[in-house]
Amino acid sequence: MNSSTIFRLFLCFLLSALPGLQALAQEQTLVGVVTDADGRPLAGVTVIEKGTTNGVSTAADGRYSLRLQKSPATIVFSYIGYESAERALVAGQTELSITLKSAEIAMDDVVVVGYGTVRRSTLTSSVASVKSRDFIEGAVTSPLQLLQGRVAGLAINTTSGDPNNSGVQVMLRGVSTLTGSQEPLIVIDGISGGNLSNISVDDIESIDILKDGSAAAIYGTRGTNGVILITTKKGSESGGGVSVDYHGYASVETISNQIDVFSAEEYRNLGEITNGFFTPTDKGASTDWGDEVFRSAFSHTHHLALKSGNAQSNYYASVDYRSRDGIIRNTGQERTNIKLGFNRSLFNNKVTLSGTLNDVFTVGHTVSTGDVLFATLVTNPTEPIYTPTGDYSIFIDSTNPVKLINEYNNTTRWNELQASGKVTYTPIEPLTFTLLGGYRYFGNIDGSYATRKFDTNYDGQAWRSSSMNQTKTLEFYGQYAERWNKHDFSVLGGYSYNDYLTDGFNMYNYDFPTDILGENIIGTGMALKDGFASMGGYKNMNRLISFFGRANYSYDDRYLFSASLRYEGSSKFGANHKWGLFYAASGAWRISKERFMKDVRWIDDLKLRVGYGVTGSEPSTPYLSHLKYSFGSPVLIDGKYVYTIAPQMNANPDLRWEEKHELSVGLDFSMFDYRLSGSVDFYNRITDGLLYEYNVPVPPNLAATTLANVGVVSNTGVEVLLNGGIVRTKNVRFDLTGSFSYNTNKMKRLSNEMYQRDFLELGSTGAPVQKTTHIVREGGRIGDFYGWKSIGMNENGSWIVEGGEYGDNASRQVIGNGIPTMHAALTANLQVKNFDLSVTLRGSFDFQILNQYRMLWENFARGADHNFPRSILYNRYNQYVSTAPAYVSYYVEDGDFVKIDNITLGYTFRFQDKRNPIRSLRLYVSGLNLYTFTRYRGVDPEVNFNGLTPGIDYVSGYPTTRTFTFGVKLGF
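According to my numbering, the sequence shown is numbered sequentially starting from 321.
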């Protein structure tokens, strides 16, 4: 079945359900309002007619309308964070309003897990959950930023302010691979492998994170790095008609911290400042290259959502538009998201149909960022932008930054469509079958053009590329759940099929008749005629098939057990290991339910958890188990050019999964009438069979390298989360949430009997130093910087290093590590009547950063035609560096930092008049990345922590930004 057929079937499915969105009239309707103890309306309260599946949710103003099936009836009200309530109706009663009592921090919050939901109180694994009400407000560029500082053990770095690349990195419980991705699996509304760029932040209802192996094992090969489950918003179940919600905000961004370089006047005085050590070259102008490149960037976002319906039929529709300028001139992005969703119950709620369609259209503009930033920092500030004839000035060893911005541009257009449909059938009350289908399509067209002014050696250059990938998903699973007396039991089993296809094309050409049409006429470049144009392409596919199951059992809600299995096959692996078995078991003891805890009234809930799980990882690309060939240069044979071909990598029929084995022990607690709650987790995870390329002899092998499962790495850590309700009065509420995590890794094995490597030397300092930066070896940590430890300078301005001389490889040692071992965060929420204030602090500790810019340019030996950082004047050894740049520990700085990550101040208007068309109104101001407390001397200590070469702050990185936002939330 091709993708177009699937899409047509989905549309037919959607259209067939729409006529059912008109609810059937019932004889008696119950209406009312649900409020909290302070008289404020509660939105989203579940209102159910007891003994039936008939129910609705309250609207934003707390109102509900429920058509009753029985008379008289009993109504059950339930809401997260509040005590449930039951009210019996008298015959003929048509109105019931109620006030719910706060349970402060609810232990029975519903949490999404793989293929289902559970009550938090019955969880046996480490799972974190963040609801939409807890999201930060402001101009976040990725939904992942909503989790920053809110989930212990989940490290999230924002490494870039690029409007076309959020630069958000994620690491959960350490490094688990040498070659693959460290990103957690993203599951959006049950469909695995989703892209967070396809989701508007305002469309997200909740985010749940499966942190340990026992929770993630149900996802098998894709669960090693954890699983992030996104649940999007659905239609209204209140039966109160159509509701409209608008959220709009405008933001201003500035560079978070601009590196101090010499101004033109300071540069001219360097000879005097250095007592003649350095003689500057004065070109007569005064140019602030930072002002020419950077700007205060404006962005605005508008989100409009409509929802309506009742418990039987409802729909949700939204459109989200964002326009964001970059702080580097001529960079920016426009993005439009469209979301449609519906739910329909049929045949007395035995069949439920639901569907979701997400579509995003994006146009982005970029420049050659790395070249622009490098030139901005090193270009002589006395150089003019233009020559007297109006041409761009030409410099030594750097390119005019203004020319780079004006004469080169890149435009990226991409579209991503994700559609899913679900059918749920409940033949009898304890038994449910679910059929889930999904289709995801991503298409990208990228074009770049450099005018003839950009490089006078060419009459224009053009690059054009396109890519496409699509994913098809089909899953079928059934679940049986039963409760009798004190026993609660459920079992789940299912099948999953995933099909992936990717292809792409690229072309380069130059020497065009005109610059006017840019890359759009790439075929007219004369290089194509002369045989100097180039082009390339690729295509690959793979499949993943799984059978999975899970069983849960609890006795008296005191003793809880869970076990899962997933048997998974992948086309990426060798013939001998295409299938793998992944399993997990976990248990929990709710100590607070025991009789001996009956008189310990200050403890509300106390639960001990233990879990063990095995998950796996696939290679990042397919065909790695096969003998791979590569094309070489063409040769002339019998008057014709023929491409040569040669083996590139040997086949390995034993290529298999990387397996992670994880033991996790945790304690959940709540006390003092739910005023204090939290969790503590300890874990030890070992990943076996790490994939890496190994050198092998030729012959007998056809190629010099083989990809094999050899390495072993361990991660050990602890996570702490605390929530406190400090103040609870009628008009004042003050909450604190704190998190802390510690993780350290160790490379336990890198060789075996067949494949040997003593170490891996990785990373690059860049020219002219040209040294590797990191080492991976048995007994060491992934992320170790490996270089020369500087202990002083001699009278000639050369480095004195420990244990020998600079450049002598035997003198190298570990001089730091680029992965933080500790992360911490603190969030304070204060509400005074209608005002609210939220402050978030976040920090990372015990890691180092290689400051590439200082290493390469804090050195007068680079010559008099360049600019330098002001820090060049403040060498700790009271000497100016006068020899060639060197990779020494002097430039490996401590990266510890604490950020004022977010401050939001808001005011909510409360409307009591039913005749007022405005249902709700909130105004707020917000700041993101406001200030960083750190000793690091680069732009921002939040640098890359992923991969095998973490902690390098490259000159070419797009700077992070500081953002100020004003927003409005309006409901009708």
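Here a beta-carbon is modelled for each residue, glycine too, at the ideal position from N, C-alpha and C.
Values in this document were obtained by computation on a predicted structure and should not be read as measured data.
*Could you tell me how far apart the beta carbons of Ala853 and Asn818 are, in whole angstroms, since I believe they sit closer than 8 Å?*
What you label residue 853 is simply residue 533 of the sequence shown in a count that begins at 1. What you label residue 818 is simply residue 498 of the sequence shown in a count that begins at 1. Contact flag wrong, Cβ pair sits at about 38 Å.
*Going by beta carbon distance, what residues of the same chain come within less than 7 Å of Arg542, once the five residues before and after it are set aside?*
Position 222 of the sequence shown, counted from the start, is the residue given in the question as residue 542. Excluding residues within five positions, the ones whose Cβ falls inside 7 Å are Leu505, Ser512.
_Classify Leu956: buried if its beta carbon has 16 or more other beta carbons within 10 angstroms, exposed otherwise._
Position 636 of the sequence shown, counted from the first residue, corresponds to residue 956. With fewer than 16 Cβ atoms within 10 Å of its Cβ, Leu956 is classed as exposed.
*asked:* Which same chain residues end up closer than 6 Å to Tyr712 when comparing Cβ atoms and leaving out the 5 residues on each side of it in sequence?
replied: The sequence position of residue 712 within the sequence shown is 392, counting from 1. The answer, listed in chain order, is Asn720, Lys723.
_At the level of alpha carbons, what is the spacing between Leu626 and Tyr636?_
One-based indexing of the sequence shown puts residue 626 at position 306. One-based indexing of the sequence shown puts residue 636 at position 316. Using only the alpha carbons, I get a separation of about 6 Å.
*With DSSP collapsed to three states, give me the class of Met1113.*
For the purposes of this step, residue 1113 is identified with residue 793 of the sequence shown, where counting begins at 1. Met1113 falls in the strand class under three-state DSSP.
*asked:* Assuming Thr461 and Thr935 are in contact, meaning their beta carbons sit under 8 Å apart, how far apart are those beta carbons, in whole angstroms?
replied: Position 141 of the sequence shown, counting from 1, holds the residue named residue 461. Position 615 of the sequence shown, counting from 1, holds the residue named residue 935. Going by Cβ atoms, the distance from Thr461 to Thr935 rounds to 29 Å, so no, they are not a contact pair.
_Cutoff 8 Å; reference Glu406; Cβ partners in own chain excluding five residues on either side_ = In the sequence shown, residue 406 corresponds to position 86, counting from 1. So the list reads Lys370, Thr394, Ile395, Val396, Phe397, once near-sequence residues are dropped.
*Could you check which residue in Ile841, Gly382, Gly763, Thr372 has the C-alpha nearest to that of Val351?*
Counted from its first residue, the sequence shown places residue 351 at position 31. Measuring from the Cα of Val351, the nearest candidate turns out to be Gly382.
*By how many angstroms is the C-alpha of Arg493 removed from the C-alpha of Gly1277?*
For the purposes of this step, residue 1277 is taken as residue 957 along the sequence shown, with counting starting at 1. For the purposes of this step, residue 493 is taken as residue 173 along the sequence shown, with counting starting at 1. Arg493 has its alpha-carbon roughly 26 Å from the corresponding atom of Gly1277.
*From Gly845 to Ile765, what distance separates their C-alpha atoms?*
Residue mapping note: residue 845 aligns to position 525 of the sequence shown, counting from 1. Residue mapping note: residue 765 aligns to position 445 of the sequence shown, counting from 1. Whole-angstrom Cα-Cα distance: 19 Å.
*Quick one: measure Cβ to Cβ for Asp528 and Leu549, integer angstroms, because I've assumed they're closer than 8 Å.*
On the sequence shown, position 208 is the one that residue 528 refers to. On the sequence shown, position 229 is the one that residue 549 refers to. So it is a contact: roughly 4 Å between Cβ atoms.
_The alpha helix (DSSP H) that contains Val985, what's its start and end?_
By one-based count along the sequence shown, residue 985 stands at place 665. Per DSSP, Val985 belongs to no alpha helix (DSSP H); it is in the beta strand (DSSP E), 978-991.
*Hey, would you say His1094 sits closer than 8 Å to Tyr1106, going by beta carbons?*
In the sequence shown, residue 1094 corresponds to position 774, counting from 1. In the sequence shown, residue 1106 corresponds to position 786, counting from 1. Taking 8 Å as the Cβ cut-off, His1094 and Tyr1106 qualify as a contacting pair.
_Contained alpha helix (DSSP H) runs [length at least 4] in the segment 653-738, N- to C-terminal order_ = 689-698, 721-726
*asked:* Just to confirm my understanding: we take Ile716, look at its own chain, exclude 5 residues before and 5 after, and list those with CB closer than 7 Å. What are they?
replied: Taking the first residue of the sequence shown as 1, we reach residue 716 at position 396. Excluding positions up to five away in sequence, the list reads Asp1185.
*Counterpart residues of Glu415 in DSSP-defined beta bridges*: For the purposes of this step, residue 415 is identified with residue 95 of the sequence shown, where counting begins at 1. Beta-bridge pairing links Glu415 to Val351.
*Along the beta strand (DSSP E) that carries Lys927, what are the first and last residues, could you check?*
If you number the sequence shown from 1, residue 927 lands on position 607. Counting along the chain, the beta strand (DSSP E) containing Lys927 begins and ends at 923-937.
_For Met491: DSSP bridge partner residues_ = Translated into the one-based positions of the sequence shown, residue 491 becomes position 171. In the DSSP output, where bridge partners are listed per residue, Met491 has Ala475.
*So, Thr1007 versus Ser496, is the Cβ gap smaller than 8 Å?*
Counting from one through the sequence shown, the residue named residue 1007 turns up at place 687. Counting from one through the sequence shown, the residue named residue 496 turns up at place 176. Contact: yes.
*Between the Cα of Leu756 and those of Leu467, Phe694, His1143, Tyr435, spot the shortest distance and give me the residue it belongs to.*
In the sequence shown, the residue the question calls residue 756 occupies position 436. The shortest C-alpha separation from Leu756 is found at Tyr435.
*If we ignore side chains and look at the alpha-carbon of each, how far apart do Ser815 and Thr834 end up?*
Here residue 815 is taken as the residue at index 495 of the sequence shown, counted from 1. Here residue 834 is taken as the residue at index 514 of the sequence shown, counted from 1. Per the sequence shown, residue 815 should be read as Tyr rather than Ser. So the two alpha carbons sit approximately 57 Å from each other.
*Neighbourhood of Ser940 by C-beta, 8 Å cutoff - its chain only, sequence neighbours within 5 removed*: Taking the first residue of the sequence shown as 1, we reach residue 940 at position 620. If we look at Ser940 and ignore the five residues flanking it on each side, its Cβ neighbours are Thr499, Gly500, Ser501.
*Which partner residues does Arg886 have in the DSSP bridge list?*
On the sequence shown, residue 886 is found 566 positions in, with the first residue counted as 1. In the DSSP output, where bridge partners are listed per residue, Arg886 has Phe868, Phe902.
*How long is the line joining the alpha carbons of Ser950 and Pro967, rounded to whole angstroms?*
If you number the sequence shown from 1, residue 950 lands on position 630. If you number the sequence shown from 1, residue 967 lands on position 647. Taking the straight line joining both Cα atoms gives about 6 Å.
*Between Lys390 and the rest of its own chain, which residues show a CB-CB distance below 8 Å, the 5 nearest in sequence each way excluded?*
On the sequence shown, position 70 is the one that residue 390 refers to. So the qualifying residues of the chain are Glu369, Gly371, Thr372.
*Report all residues from its chain with a CB closer than 7 Å to the CB of Tyr858; omit the five preceding and five following residues, and keep chain order.*
The sequence position of residue 858 within the sequence shown is 538, counting from 1. Result list for Tyr858: Asp823, Gly824, in chain order.
*Mind reading off the beta-carbon distance from Leu474 to Val490? Whole number of angstroms is fine, and I expect it under 8 Å.*
By 1-based counting over the sequence shown, the position of residue 474 is 154. By 1-based counting over the sequence shown, the position of residue 490 is 170. That pair is a contact at about 7 Å.
*asked:* So within the segment 1074-1147, which uninterrupted beta strand (DSSP E) runs reach at least 3 residues, ignoring any that extend past its ends?
replied: 1079-1082, 1094-1097, 1104-1107, 1110-1113, 1119-1121, 1133-1137
*Is the distance from the Cβ of Leu996 to the Cβ of Gly1044 below 8 Å?*
For this step, residue 996 is matched to residue 676 along the sequence shown. For this step, residue 1044 is matched to residue 724 along the sequence shown. Yes, they are a contact pair.
*asked:* From the DSSP secondary-structure annotation, give me the bridge partner or partners of Pro1189.
replied: The residue labelled residue 1189 in the question sits at position 869 within the sequence shown. Pro1189 is bridged to Val581.
_Through-space distance from Tyr1256 to Gly1296, alpha-carbon basis_ = With the chain running from 321 to 1292 in the structure shown, residue 1296 is simply not present.
_Extent of the continuous alpha helix (DSSP H) to which Ala363 belongs_ = As a working note, residue 363 is residue 43 in the sequence shown. It is not in any alpha helix (DSSP H) - Ala363 carries neither H nor E in the DSSP assignment.
*Coil, strand or helix - Tyr817 by DSSP*: Residue mapping note: residue 817 aligns to position 497 of the sequence shown, counting from 1. If DSSP states are grouped into helix, strand and coil, Tyr817 belongs with the strands.
*Measure how close the beta-carbons of Lys892 and Leu944 come, nearest whole angstrom, since I'm counting them as under 8 Å.*
Position 572 of the sequence shown, counted from the start, is the residue given in the question as residue 892. Position 624 of the sequence shown, counted from the start, is the residue given in the question as residue 944. 7 Å between Cβ atoms; contact.
*Which partner residues does Tyr797 have in the DSSP bridge list?*
Taking the first residue of the sequence shown as 1, we reach residue 797 at position 477. Tyr797 is bridged to Thr754, Gly814.
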